[in-house]
Amino acid sequence: MSVSGGIHVPVMLNEVLDYLNLKKEGIYVDCTFGRGGHSRAILEKLEKGKLIAFEWDEKSSKLAPNDKSFLSPQFHLVNDNFANLEEHLKKMGIHEVDGFLFDLGLSSDQLSEEERGFSYRLNAPLDMRISEKSKLKAEDIINNYSCEKLADIFYHYGEERKAR
C-alpha cells in the first residue's frame, strides 16, 4: 500500500453524506475506514458528535495518525473487524448510533500490493487476508478443503451456480 498516496476521495461522497443525514451532535460509525475519505468528510460536518471508525487492515489504519484530520477528540479508530462493533461500542458506553457506513470491497491499494495476493493479474502467493492477524490464507483453503466444501463456497459466496 502506498502510504504517500495522498488523500483518498471516495466515489459518490456527496450522496453518501446526504444519505447519512448527518446531525452536528450525532454519533456515526464508519465500519470500513480504509484511507479515511468518508471519515474525513463526516468529521468536517460534526460539531459535538462522534465518529467511530473500524479498520481491520493494519496497513490502512496506520495512515490515520499521520493525518491531522483524525487528531480530533471526536474521532476514535478501532483496529478490528466491524463484526465486533457491538462489543466495542458497549465498551465506549455507546448504545445508540445515528448512522452506519459500510463501503465494502477491496481498495486499489490492496489489489495492487502483490504480496497481499488479491489480484489474479499478479504472480503472488494466494494470501487474500484483509488482516495479517487472520490465520487462514486462501492457499490453505484451496489446498486443504475438500472438493465438496470448495464447491459449496463457490456456490454460496461466489454465486457460481455450476459449482456443484
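So that you can map any letter, position 52 of the sequence shown is 63 in the working numbering, and since no number is skipped, the others follow by simple counting.
No residue lacks a Cβ here, since even glycine has one placed at the ideal position from N, Cα and C.
Open item on the list: Using 8 Å as the threshold, is the C-beta distance between Gln121 and Phe129 below it?
Closed with: yes
- [ ] Less than 8 Å between the CB atoms is what I'm expecting for Ile63 and Leu33, so what's the real figure, rounded?
- [x] Not confirmed; about 14 Å, so no contact.
Task: Nearest-angstrom Cα separation, counted from Lys173 out to Leu31 - done: 39 Å
Task: Endpoints, beta strand (DSSP E) assigned at Ile38 - done: 38 to 41
Task: Three-state secondary structure assigned by DSSP to Gly1 - done: Outside the shown range of the chain, which is 12 to 175, sits residue 1, and nothing can be said about it.
- [ ] Take Val108 and list the residues in its own chain whose beta-carbon comes closer than 8 Å to its own, dropping the five residues that flank it on each side.
- [x] Ile38, Tyr39, Val40, Leu100
Task: Residue from Ser123, Ile153, Leu96, Ser50 with nearest C-alpha to Asn134 - done: Ser123
Open item on the list: Quick check: what's the CA-CA separation for Ser15 versus Phe65?
Closed with: Note that Ser15 scores 42 on pLDDT, short of 50, meaning its location in the model is unreliable and no value can be drawn from it.
Open item on the list: Relative to the C-alpha of Pro84, which candidate in Asn92, Gly60, Phe93, Glu69 has its C-alpha closest?
Closed with: Gly60
Open item on the list: Please list the terminal residues of the continuous alpha helix (DSSP H) segment that includes Ile53.
Closed with: 48 to 56
Task: Own chain, CB closer than 8 Å to His106, minus 5 neighbours either side, in chain order - done: Leu100
Open item on the list: If we require 4 or more residues per run, which alpha helix (DSSP H) segments fall completely within the region 53 to 99?
Closed with: 69 to 72
Open item on the list: Short of 7 Å in beta carbon distance, which residues of its chain neighbour Arg140, apart from the five on each side in sequence? Order them along the chain.
Closed with: Lys148
Task: Own chain, CB closer than 6 Å to His19, minus 5 neighbours either side, in chain order - done: Arg46, Gly48
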